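Heads up, the thing below is written out as structure tokens.
In our numbering, the protein residues as written are 916 to 1388.
Set out below in structure tokens:
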């Protein structure tokens, strides 16, 4: 999972949890507030009725309490309102038919015996489950009676549910907006963070592939910007070190060429007997010196070629070139080695093959390196085949050097063209071979300098097929 996806996922998860949590908390608080408000409304209503009843008794104005009870009756959820004397006899009631009625039920008796505010729930005839709120009406220490208001539980619950339903809708609307903004913000933030990380990744990948000219352009003033700056400083330092290395290798290689040429010349001079007669042992030792001098000279040439390729100073003398005669030349050149190694060497190049734009000397070097490797890693009675054909793309000629050798392990295929990389023979099918590990790196550089590309198809114990393309002339 990509870092941007992870960040977006966790940001959305956090936003979702926060929005849901806040929604639940708001809903609970709103419900509690609503119930508290309703309870306070009931208390205020009974206190108002008790106060009016007291004023009506003091002023001996029954009309005052009658009018007030009518107002209370119009309040939503109120089933009845009444004032009873100290024995429970109705003095004023919203139902005039109950005037003078004596209440002696348990709820009424509890209300009559209570010295303070009392709230009771019971199943009443007037409207299902009721909430009876009562308060004694006092004049000094004397109890004048009791004020009572009955509320319908069904109506109250309906009011609560309708109010909470509206609250839910508001909360859902706000939560939806907050959630949408949160997700949008999470994606924007993920994009803002993901872009410099992607640039850092691509820059680090380019630097890892050897492109030390790469500069990571992250200008943010945060840790990512600091990291990009450190990458750029590291690339600059690596470039300086790489240049020092190239200069050192080039200088040493050039300096070694002259003494090596001199050593080889004097060894040849001595071997020809120009410095006096030689016994058999001296000839053997001098031959070893000559062979190792030649190997060292080839290694120095490879290093210089590779240095030129990497420095983009590889000169090509391109011309319109026929592949068929060049392949036949290489077959003739390697035929003695093939016979000595008991390996069959074949070439399949159709006469209709197109001309290519290439440097003949550099192309000979490519064939020499590829064929040398094929013979090194192919056991006796094996086969090496050179093939050429016009590419399906139409702009290139495709050439392959195929063998039936030990093959290349899958994990080595990606780095086989790197410098100083060699296939390690196993199983005893071929003799251990020595080499510099630069041949395929040089081949790759030459092919790419021509505008082509090279790749390998291989399977362990079944052989390898090195395929490269060259542009048509």
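Think of the CB as a built atom: it goes at the ideal place given N, C-alpha and C, for glycine as much as any other residue.
If you're wondering where the values come from, they're calculated on a predicted model, not measured in any experiment.
The residue from 1216, 928, 1221 and 1361 with its alpha-carbon nearest to that of residue 1097 is 928. Residue 941 and residue 934 have their C-alpha atoms spaced approximately 10 Å apart. For residue 1324, the closest of 1379, 1297 and 1217 by C-alpha to C-alpha distance is 1379. Taking residue 1374 as reference, the option from 977, 1315, 1326 and 1203 with the minimal CA-CA separation is 1326.
Contact between the stretch 1136-1154 and the stretch 1101-1120 is established, with three or more Cβ pairs separated by less than 8 Å. Residue 997 is bridged by DSSP to 1008 and 1063. In the three-state scheme derived from DSSP, where H, G and I count as helix and E and B as strand, residue 1380 is classed as strand.
Counting along the chain, the unbroken beta strand (DSSP E) around residue 1039 starts and ends at 1033-1039. About 5 Å separates the Cβ atoms of residue 1246 and residue 1262, confirming a contact at the 8 Å cut-off. With respect to residue 1322, residue 1377 sits close: the two C-beta atoms are nearer than 8 Å. Excluding sequence positions up to five before and after residue 1034, its CB lies within less than 6 Å of the CB of 1048, all in the same chain and listed in chain order.
Bounds of any beta strand (DSSP E) do not take in residue 1264, whose DSSP letter is neither H nor E. Around the CB of residue 965, 16 or more other CB atoms lie within 10 Å, so the residue is classed as buried. Per DSSP, the beta bridge partners of residue 1043 are 1039. Residue pairing by DSSP places residue 1307 in no beta bridge whatsoever. For residue 1331, the three-state secondary structure derived from DSSP is coil. Around the CB of residue 1111, 16 or more other CB atoms lie within 10 Å, so the residue is classed as buried. The stretch 959-976 and the stretch 1074-1088 do not touch, with fewer than three beta-carbon pairs separated by less than 8 Å. Taking the CA atoms as reference points, residue 1363 sits about 19 Å from residue 1237. By the neighbour-count criterion, in which 16 or more other beta carbons inside 10 Å mark a residue as buried, residue 1203 falls on the exposed side.
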